[in-house]
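Residue numbers (the numbering used here), protein chains in the order written: chain A, 1 to 288; chain B, 1 to 316.
C-beta: ideal position from N, C-alpha, C; glycine also.
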């Protein structure tokens with residue numbers, strides 16, 4: 001027990017040493033920590049009241065010392081709205097990716113491990129889903145369920161599952177052929193035990209990288225759907241919704257578009273940079 | 001080879017039926033019925049019921065679905081739009097060229113930019129150029145397409161005033177939407193080409209070529225590139241689908257009359273025939289493109305060609 005514990009620590013130290021070498025990945029991690037901090041401590045940075053406070057006289061003011069990012073068409077402070085909006089994007093990005101990962105893991109691992117009929121049925125269904133552009137699928141699902149944070153999460157998760165199933169299936173197929181799986185089977189381990197104890201952990205590398213990168217895509221999808229009015233609705237300060245409202249003032253108050261956009265990019269970029277660093281740090285072939 | 005293509009074409013039938021069923025089911029779950037959406041809530045219930053009966057919307061779900069499929073398969077009829085009462089195929093034919101042109105231009109540009117910079121990045125691995133390219137690609141992959149579109153509009157239409165910010169019809173109007181769609185795809189292709197090149201360079205046959213004394217140029221262009229491009233070619237098919245998705249967003253931002261705006265408007269209005277027709281049209285197109293890419297792939301890679309000729313098994 002003690003032995004395996006210290007081995008895990010050793011592995012982590014090795015992983016961290018390799019991750020640290022990648023400067024852009026460390027920068028991504030730093031941005032990510034700052035953004036998560038901003039989301040967690042939003043109320044300490046700027047009280048929520050400032051998001052909703054309307055000052056008629058201060059409509060559409062450019063950035064200033066009083067309003068760092070300026071004010072919107074109702075005189076609300078854009079800085080406060082962007083800070084509080086971080087909660088939506090990060091939460092939606094992480095929640096949808098994890099849910100799509102869970103669904104993808106169950107379906108993909110079953111397809112890859114059992115093969116035959118199970119594989120056939122799952123793959124055919126995935127083929128059907130893959131034929132519809134993800135954004136259209138999400139749009140249709142939102143139209144069917146109605147616009148709300150929960151429904152947006154459902155819609156984006158559904159469009160992300162098929163790709164996950166394919167990836168996890170192919171990774172599992174590779175791992176399932178390994179000798180140690182054969183050995184576990186000869187010991188009489190149950191299918192579920194083999195999948196969760198041996199196959200999935202060994203298939204983890206590409207799956208972790210893919211999930212990290214997927215968070216960034218999910219953030220973009222959520223913002224995009226909110227932007228075209230099929231996601232989170234105003235007055236919620238979600239970044240895509242902020243951009244949607246700001247579109248009307250694009251030529252007169254472009255800063256309304258610039259700031260929320262930059263934060264969407266930063267959050268999406270941080271996950272991409274971290275994912276890129278993980279690719280190298282988790283790839284055993286690159287060990288040196 | 002012909003057998004393989006025929007098999008794949010046959011396989012498209014159940015997949016497309018699946019797509020039809022999927023979209024039909026989701027659309028049927030959307031609240032409201034076409035009659036009350038078109039006539040408004042103030043209309044008389046009899047009028048609404050009559051209009052629904054005219055559309056065949058009074059029948060149960062499965063009957064409607066099989067009627068629809070029957071019309072499509074037996075009469076090649078995609079039905080009429082609930083809103084305009086015009087045949088859906090007219091809408092598709094009027095708008096598809098815009099979307100297709102946009103996707104084609106941006107995909108071509110993205111392939112040229114992405115693949116060439118990806119090769120450059122891999123060849124110069126660990127140099128400042130490589131690191132810059134990788135980070136720039138990641139940044140572009142993180143920019144929401146619609147935001148990039150809006151910023152381009154702001155810069156080129158408003159500040160510089162050299163390009164139109166909306167509409168379709170002229171090549172000039174296509175420039176900004178194309179850049180919007182192209183950048184995201186190019187970033188993905190750059191990363192993919194780079195990693196495929198680096199993966200290939202580590203192979204034994206490259207070491208052999210090097211040991212034989214082949215020049216660096218010959219190794220890159222003759223041995224590495226041709227093998228590295230294989231995975232890139234396969235993803236070109238799928239990234240066509242992604243570009244189509246990007247085109248949908250770009251059309252919304254630049255108010256272009258294309259398939260994307262057609263479908264998004266129709267989804268909001270619960271115009272089931274339009275959504276179904278347009279989605280099926282895109283699904284057929286997408287399946288055919290994937291098929292063409294897979295066949296091309298077999299032509300480029302003699303190993304795969306041999307596999308088809310011997311066993312005829314599907315590539316996994």
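Taking the C-beta atoms as reference points, residue 255 of chain B is found nearer than 8 Å to residue 166 of chain B.
Proximity of residue 283 of chain B to chain A, defined by a Cβ-Cβ separation below 8 Å, is satisfied. Contact residues of the segment 129-162 of chain A toward chain B are 129, 130, 131, 132, 133, 134, 135, 136, 137, 139, 140, 141, 142, 143, 144, 145, 146 (C-beta to C-beta distance below 9 Å). Residue 117 of chain B and residue 272 of chain A have their alpha carbons spaced roughly 19 Å apart. Within the same chain, 61, 62, 63, 78, 255 come within 6 Å of residue 70 of chain A by CB-CB distance, once the 5 residues on both sides are set aside. A direct Cα-Cα distance of roughly 4 Å separates residue 110 of chain B from residue 186 of chain B.
Of all C-beta pairs linking the segment 195-215 of chain B to the segment 227-238 of chain B, three or more are shorter than 8 Å, placing the two stretches in contact. Excluding residues up to 5 positions away in sequence, 91, 92, 95, 274, 278 lie with their Cβ nearer than 8 Å to the Cβ of residue 262 of chain B in the same chain. Residues of chain B whose Cβ lies closer than 8 Å to the Cβ of residue 127 of chain A are, in chain order, 15, 18. Going by DSSP, residue 35 of chain B is part of the alpha helix (DSSP H) stretching over 34-39. Within chain A, 24, 269, 272, 273, 276 have C-beta atoms less than 8 Å from the C-beta of residue 138 of chain B, given in sequence order.
Along the segment 216-233 of chain A, going in chain order, the ones with a CB nearer than 7 Å to a CB of chain B are 216, 220, 223, 224, 227, 228. Look at the beta carbons and you see the segment 120-137 of chain A touching the segment 150-159 of chain A: at least three pairs across the two are nearer than 8 Å.
Pairing residue 261 of chain A with residue 169 of chain A gives a Cβ-Cβ distance that is not under 8 Å. The three-state reading of DSSP puts residue 87 of chain B in strand, counting E and B together. Between the segment 64-82 of chain B and the segment 13-33 of chain B, the count of Cβ pairs shorter than 8 Å is three or higher; the stretches touch.
Under the Cβ criterion of 8 Å, residue 37 of chain B is not counted among the residues facing chain A.
Between the alpha carbons of residue 158 of chain B and residue 173 of chain B lies a gap of roughly 14 Å. Along the segment 253-268 of chain A, the positions whose C-beta sits under 7 Å from a C-beta of chain B are 254, 257, 261, 264, 265, 268, read in chain order. Rounded to whole angstroms, the separation of the alpha carbons of residue 140 of chain B and residue 86 of chain A is 20 Å. Rounded to whole angstroms, the gap between the alpha carbons of residue 58 of chain A and residue 109 of chain A is 56 Å.
Taking CB atoms only, residue 250 of chain A has a neighbour in chain B less than 8 Å away. From the beta-carbon of residue 124 of chain A, the residues of chain B found nearer than 8 Å are 14, 15, 18. Selection A:23, A:150, A:95 evaluated against residue 274 of chain A yields A:23 as nearest (Cα-Cα). Taking all protein chains shown into account, residue 147 of chain B has 16 or more neighbouring C-beta atoms within 10 Å of its C-beta and is therefore buried. Close CB contacts of residue 173 of chain A within its chain, under the 6 Å cut and outside five residues either way in sequence, are with 112 (chain order). Looking at the backbone, the Cα of residue 203 of chain A and that of residue 182 of chain A are separated by about 16 Å. Close CB contacts of residue 165 of chain A within its chain, under the 6 Å cut and outside five residues either way in sequence, are with 104, 107, 108, 126 (chain order).
Along the segment 257-280 of chain B, the positions whose C-beta sits under 8 Å from a C-beta of chain A are 263, 264, 267, 268, 270, 275, 279, read in chain order.
By the CB criterion at 8 Å, residue 221 of chain A and residue 241 of chain A fall outside the cutoff. Using a CB distance cut-off of 8 Å, residue 243 of chain A counts as an interface residue toward chain B. Within the segment 145-167 of chain B, the residues whose Cβ lies closer than 8 Å to some Cβ of chain A are 145, 146, 147, 150, 151, 153, 154, 158, listed in chain order.
Residue pairing by DSSP puts residue 77 of chain A in a beta bridge opposite A:71.
The segment 32-40 of chain B makes contact with the segment 54-64 of chain B, as at least three CB pairs between them are under 8 Å. For residue 100 of chain B, no Cβ of chain A is located within less than 8 Å of the residue's own Cβ. By the C-beta criterion, the segment 198-216 of chain A is judged to be in contact with the segment 93-101 of chain A, since at least 3 inter-stretch pairs fall below 8 Å.
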